[in-house]
Amino acid sequence: MFAPLPLCFRSADSPGHSPVLADQDQEFPDEPGERVLLCRTCGQTVARVRDRVDVNGKHGHALFNPSGILFEVGCFAAAPGCRFEGGFTPEFTWFPGYAWRYAMCRSCGTHLGWEYRGSVGGFVGLIMTELRES
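Each residue of the sequence shown is one higher than the one before, starting from 2 at the first, in the numbering used here.
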């Protein structure tokens, strides 16, 4: 029914192909002493710790995808260090009422999570094991 998804979502896996539909360039002001999360692969600033939000009553979620892979996902109001790829889909969403698309590191292309959008707003679910705190 559905084509299998690749296990690795790095841009180098598909050279010359980028399904980016919307990628807003967002400034990430450098505020001294602010706690931020960095891409574990390249060190790009991805999100601010202060942008953590609760979804379905909590910030952190342990979730399995249809292939049985476990993800530790943290929810954030914004992740300016990500670019978002693909069209939104409600298929296999972990958050009822929200459709999702991929969130990739703006610098190296590592798959960092998903952007979620619903009728009342949205958030970014980041894979916590792909990040490190500054």
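Every residue, glycine too, gets a C-beta built ideally from N, C-alpha and C. Bear in mind that the values here come from a model prediction, so they are computed numbers and not experimental data.
Query raised in the report: In angstroms, rounded to a whole number, what distance separates the CA positions of residue 35 and residue 109?
Result: Taking the straight line from one Cα to the other gives about 23 Å.
Query raised in the report: Quick one: complete beta strand (DSSP E) runs, 3+ long, within the region 31 to 102?
Result: Counting whole runs of 3 or more residues, the region 31 to 102 contains the beta strand (DSSP E) stretches 37 to 40, 46 to 49, 61 to 65, 71 to 77 and 83 to 90.
Query raised in the report: Is residue 102 near residue 92, with beta carbons less than 9 Å apart?
Result: Taking a C-beta distance under 9 Å as the contact criterion, residue 102 and residue 92 do not qualify as a contact pair.
**Report entry** Cβ contact (3+ pairs, closer than 8 Å) linking the region 109 to 124 and the region 61 to 68
**Finding:** Taking 8 Å as the limit for Cβ pairs, the verdict is that the region 61 to 68 does not touch the region 109 to 124.
Query raised in the report: Ordered along the chain, which non-local residues of its own chain (more than five positions away) have a Cβ less than 8 Å from that of residue 43?
Result: Sequence-distant partners of residue 43 (beyond 5 residues in either direction) whose C-beta falls short of 8 Å from its own C-beta, in its chain, are 106, 108, 109 and 111.
Query raised in the report: Measuring CB to CB, does residue 49 end up less than 9 Å from residue 37?
Result: Closer than 9 Å, so yes.
Query raised in the report: residue 88 to residue 135, Cα distance in whole Å?
Result: Between residue 88 and residue 135, the C-alpha separation is close to 31 Å.
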